[in-house]
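Following: one structure in structure tokens, then a few remarks.
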Amino acid sequence: MLSTRLSIMMFLQFFIWGGWFVTLGTFLAQTLDATGGQIGMAFSTQSWGAIIAPFIIGLIADRYFNAERILALLHLAGAALMFSLYRSQDFASFYPLVLVYMILYMPTLALVNSVSFRQMRDPSREFAKIRVWGTIGWILAGLAISYLFSWDGAEAIADGALRNTFLMCAIASLVLGIYCFTLPATPPKAETRKGGLKEMLGLDALQLLKDRNYAIFFVASVLICIPLAFYYQNANPFLAEIGVANPTGKMTLGQISEVLFMLLLPIFIHRFGIKITLIVGMLAWAVRYALFAFGDAGAGVYMLLIGIALHGVCYDFFFVSGQIYTDARAGERFQSSAQGMITLATYGVGMLIGFWVAGLVTDHYVTAGGHDWQGIWLFPALFALAVLLLFLLAFKDKDAASTKAEASRT
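Each residue of the sequence shown is one higher than the one before, starting from 21 at the first, in the numbering used here.
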């Protein structure tokens, strides 16, 4: 039953995130009349949450409280904030609420992992079976929005129906908050009290950047977050604006492909090496956005669906393989610190820059009838291609053997 209990926790954790984050751009543009820059500000709250999360987890949660208790309190507070977002009538009142919400939500991503790992006898074998329920939760949230409630149809969007996503997530957050109090006790480890702030933020792993190859990978990771931000911020508004039916439900193809390609990733790295894997991931970003630029809701809808389905290649082959590469390069001494460093650099700094750039580009291509989406999508397509070319020329695959060994253990 413990595995089932942890799976329910993981399901609700990602059901909540997927239940409002995917349609956020569409809601802000259509219901609150937000500009591209304002939408970028709203999405960048994820980055601020990622930057602040280590302080909450490292300085407070891991040291003084049971993980399941602080997880419960954060989700109960999140339920109240979600309900307030549901009632917001303009961007001025919406933004501070979503900022506080994401500062509280992002630490819960680490806390659910902490609760899971501490209750497992063999995390390497057990965790994937539990974590996959988080992806299922995200998928079912999108399917419910499109096919159960029909909140993302053209008429429903015009009537403000997407506001209901926040109410749905407020209820789910309330349920999860109460449920977390029933989870097994996960007290702080004694050794976490000894770790310094430098280690928590991954700053002691900065010496990895002395290695030329890793420094090139690190810079590419930050830069590729700019195209990534375009997908999170603009994909759903784009599909809704051009008239694709049930856009949120169709976007769950991305999470389905993410699961499939996650299973293929260790095999691919072992056979082709880390450099080829990273290149395939970056190339997938360029191809995806080219498909978005030239696809449409009519005869070209297959191009849009392929672009969505490429999410597994885009994300797993670059970001997940990058985590594996980082782990292999860090060694035992800096394993935790290195993961903290790359997470802070990508989801924190990289995505913060990415959402800002995406907002500027989106505002630049506003037209009388909506947006020039071809111009919007060509920007990240060309940007990803430029990052790919620089990486291709500069990165040398001298660490292939150690990374293959790491992938075989994943």
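C-beta atoms are modelled at their ideal positions from N, C-alpha and C, and glycine is treated no differently.
L105 has its alpha-carbon roughly 15 Å from the corresponding atom of M61. A distance below 6 Å between beta-carbons, with the five flanking residues on each side excluded, links A161 to the following residues of its chain, in chain order: F35, G38 and G39.
Collapsing the DSSP output to three states places T366 in a helix. In the structure shown, the three-state DSSP call for V307 is helix. Under DSSP, T387 forms a beta bridge with G390.
In this chain, the alpha helix (DSSP H) harbouring T268 covers P267 to K270. Nearest Cα to F31 within the set V195, T43, A178 and A235: V195. Taking all protein chains shown into account, A378 has 16 or more neighbouring C-beta atoms within 10 Å of its C-beta and is therefore buried. When C-alpha distances from A92 are compared across I396, L203 and F250, the shortest belongs to L203. Listed in chain order, the non-local C-beta contacts of G368 below 7 Å within the same chain comprise S67, A70 and I71, local neighbours out to five positions each way being set aside. Note on Q50: 16 or more other CB atoms within 10 angstroms of its CB, so buried under the neighbour-count rule. The Cβ atoms of G389 and A317 lie no closer than 8 Å to each other.
With 16 or more other Cβ atoms from the protein chains shown falling within 10 Å of its own Cβ, S136 counts as buried. Annotation for T128: the continuous alpha helix (DSSP H) segment containing it runs F111 to Q139.
Counted as a single uninterrupted DSSP element, the alpha helix (DSSP H) harbouring A178 occupies residues A174 to A178.
In terms of Cβ geometry, L398 and A313 form a close pair [threshold 8 Å].
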